Every structure is written in structure tokens, then in C-alpha cells.
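In our numbering, the protein residues as written are 25 to 399.
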């Protein structure tokens with residue numbers, strides 16, 4: 025039996041710190057731990073170096089003094105990277121993570137290098153001016169570059185020049201989410217909508233600038249026969265609540281903080297339309313779209329130069345509108361509110377797409393295929 029590939033997966037943080045990137049790293053690590061000899065190298069959010077086994081995965085967390093511009097401050101990371109790079113066939117780095125870029129530049133590992141390009145740096149552009157040459161060097165050095173959608177290549181300031189190295193591997197939602205969506209659709213938990221009952225519109229995400237919730241509220245104020253549920257926390261929470269009141273939406277909009285999984289499942293099941301009104305390509309993919317699609321919900325998203333409009337497809341699983349276009353968003357909302365047959369058809373398309381293209385099996389097969397290319 026051939027030896028298993030030795031993989032070092034590198035990211036700035038790891039579970040129990042969970043963001044979108046950290047979730048992907050964990051899914052790959054736990055999903056491929058039996059097919060490969062895989063370890064994870066990350067940093068502590070703050071604290072001393074530790075070695076842990078998390079759900080069967082060996083995780084090295086380099087000591088850190090904290091974060092500066094969202095990046096860990098860790099000399100221990102460089103030491104551990106240098107130590108581990110000799111023992112692995114492939115080093116798989118999730119970007120952006122300047123400290124890992126620096127480690128590759130300083131130590132020049134002989135292992136094959138796979139990068140997962142999650143997004144360009146959109147904010148802190150002034151900082152990226154200094155980081156740009158290192159990024160270009162790393163992209164030239166890399167053997168393969170993974171992206172979750174073609175839009176990540178086309179909309180990037182860097183990747184179009186490296187198309188031959190790029191491989192598209194869509195993100196996935198956990199099997200449990202798809203199973204709950206299937207159960208909901210098969211059992212038809214919610215009764216048929218009474219025509220006089222308001223349609224339920226849902227947003228789930230952080231309440232920050234690039235999510236576009238201000239535009240959503242202004243668009244929703246132009247609709248009728250619907251209620252809006254906003255689930256999430258963030259810096260703009262108070263401002264958005266004040267805007268909702270000023271627009272006369274106090275009785276039509278409900279705000280909830282982050283919810284436990286069971287309650288969030290119920291909210292996905294109860295909604296009729298899901299909306300992701302993001303306004304900047306900082307929104308690189310929008311995994312919440314798939315979570316809603318798993319329950320057979322049509323999605324309204326925006327035509328960003330990122331992966332967002334390639335997750336839910338215009339006319340197939342939802343409607344796509346220009347970002348920051350309040351009138352277009354209002355029209356799309358009202359169309360789905362009014363047209364029951366269209367809402368059902370797009371919801372069925374959303375369900376099919378989620379359960380065929382965005383499964384864990386599909387993602388892990390794609391990642392493993394890239395690893396095998398590099399053998």
C-alpha cells in the first residue's frame with residue numbers, strides 16, 4: 025500500500041476560532057485525515073504555543089502576542105513552519121496570511137506549494153502596497169492555486185496572470201445542513217402560505233459595511249406584503265435599527281443576534297426568500313446562500329466581481345441585481361413576493377444546486393484531486 029501524502033495545512037487561526045476560512049480549513053482537515061497524513065499549523069489568537077488533537081487532527085498553534093491588522097504577531101510560527109516544512113510533501117496555505125508568505129520566502133521549502141486564494145485584500149489597501157511584491161513572488165512560486173469560484177480569478181487583481189495554475193473547488197456546507205434541508209423539503213414542515221399572510225424575507229450575516237444591509241432596508245421600505253428578519257451582530261447594529269425606525273419599518277423588521285444552530289435552522293425553514301445584498305468584493309463567496317438554498321429557498325444576491333453571483337445563479341436559483349442599487353433590489357424583492365410560482369420554481373432550482381454542487385464530498389474530492397496532481 026503506497027504511503028499517504030504528508031500534508032501541512034497552514035492558516036492564521038483554527039478551531040475554536042471560527043470564521044469562514046477557518047471553517048474551510050477544518051472541513052478539509054477532518055474530511056481528509058484518513059486519506060492523507062495531514063496536520064494543521066496555525067497561530068493562537070493570543071497565548072503560548074500548544075499542540076492539540078482536535079477531532080482526530082493534530083494541530084500546532086504557534087504562540088502569539090495578539091493581532092495587528094488582523095494578522096497574528098508570532099515568531100513561534102516561523103520556527104514551527106521551518107521545523108515542519110521538511111516533513112511534508114505538500115504545504116497548503118490559506119490566503120491572505122502574510123506571515124505564511126514570509127515563511128515561504130525566508131525558508132524556501134522544497135515541498136510542493138498549494139495556495140487557497142480566499143480573496144484579494146480589499147480593505148487596508150495602503151498596507152497591501154508593501155505586501156504586494158511578496159504576494160506576486162508567492163504566486164509565481166506556487167504549484168497550484170485553489171479558488172472557490174471562477175469569479176475569484178476573474179475579479180482578482182492578481183490571479184488572471186496565473187490561470188494555468190488555478191483550480192476551482194467550490195466550498196461546501198456540512199452534510200448535516202443538507203440533511204436538515206432535505207428533511208424539511210420532504211416533510212413540508214411549513215403549511216402552504218396563506219395568500220394574505222406576509223412573505224418572509226431573511227438576511228443572515230455580520231452587520232458590517234460590505235454586507236449592504238442599509239441598502240436592503242431602503243429597498244425593503246419600497247415593498248409591500250412582506251416581513252424582514254435580520255440575523256446577526258456587528259458594528260452597524262444600532263445604526264441599522266435607527267434606520268429601520270426612520271423608514272417606518274419598526275413593525276415589519278425583526279433583528280436577532282447570532283442564534284444557536286437549532287433556532288437558525290428554524291429561521292431558514294420559515295423564510296420564503298433569502299437575500300444577500302453585499303456591496304463589496306470583500307464578500308468573496310457567501311456560504312449562507314447555500315445554507316438557504318439547502319432548504320429550497322430562492323436567493324437574491326448582487327453581481328459582485330467575486331464568487332457571490334456564481335453561487336446562486338440568476339434565473340435558476342434566484343435573482344441577481346447590481347450592488348448598491350436600491351431600486352433594482354426593491355423590484356427583485358417585490359417580484360418574488362408577488363409571484364408564488366416563480367418563487368417555488370427558483371426555490372426548487374436552489375435546492376437542486378445546493379444538493380449537487382456544494383456537498384462535502386464534492387469539495388473534498390476536488391481538494392484531493394489537486395493534491396494528487398502534485399504527487
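We treat Cβ as the ideally placed atom computed from N, Cα and C, and that holds for glycine.
Here the structure is a predicted model, which is why all the values come from computation and not from measurement.
Contact annotation: residue 318 and residue 201 have beta-carbon atoms nearer than 8 Å. Three or more beta-carbon pairs separated by less than 8 Å are not found between the stretch 371-379 and the stretch 246-266, which leaves the two stretches without contact.
Annotation: the continuous alpha helix (DSSP H) that includes residue 124 extends over 122-131. Take the alpha-carbon of residue 343 and the one of residue 156: they are about 36 Å apart.
Taking each of 286, 325, 196 and 84 in turn and checking the Cα distance to residue 298, the smallest one comes out for 325. Setting aside the 5 residues that flank it on each side, residue 397 is surrounded in the same chain by 168, each with a C-beta closer than 7 Å to its C-beta; the list follows chain order.
When the five nearest sequence neighbours on each side are left out, the beta carbons in the same chain lying within less than 6 Å of the beta carbon of residue 60 are those of 28, 29 and 31, in order along the chain. For secondary structure counted as the beta strand (DSSP E) over 3 or more consecutive residues, the stretch 154-241 holds these complete runs in sequence order: 168-171, 190-192 and 223-228. For the stretch 42-123, the continuous beta strand (DSSP E) assignments of 3+ residues that do not extend past its boundaries occur at 61-67, 74-78, 81-86 and 114-119, in sequence order. Distance from the CA atom of residue 345 to the CA atom of residue 38, rounded to whole angstroms, is 35 Å.
For the 8 Å CB-CB criterion, residue 189 and residue 95 do not form a contact. Setting aside the 5 residues that flank it on each side, residue 308 is surrounded in the same chain by 142, 143, 176, 330 and 331, each with a C-beta closer than 7 Å to its C-beta; the list follows chain order.
Contact between residue 240 and residue 301 holds: their C-beta atoms lie close to 4 Å from each other, under 8 Å. In this structure, 98 is the residue among 283, 183 and 98 with its C-alpha nearest to the C-alpha of residue 126. The DSSP-derived three-state label of residue 268 is helix.
When the beta-carbon positions are compared, residue 140 and residue 119 come within less than 8 Å of each other.
The Cβ atoms of residue 62 and residue 83 do not sit closer than 8 Å to each other.
Taking every protein chain shown into account, the CB of residue 272 has fewer than 16 other CB atoms within 10 angstroms, so this residue is exposed. Each residue's CA atom was taken as its position, placing residue 71 and residue 50 some 21 Å apart.
Relative to the Cα of residue 280, the nearest Cα in the group 334, 117 and 254 belongs to 254.
When secondary structure is reduced to three states using DSSP, residue 287 falls in the helix class.
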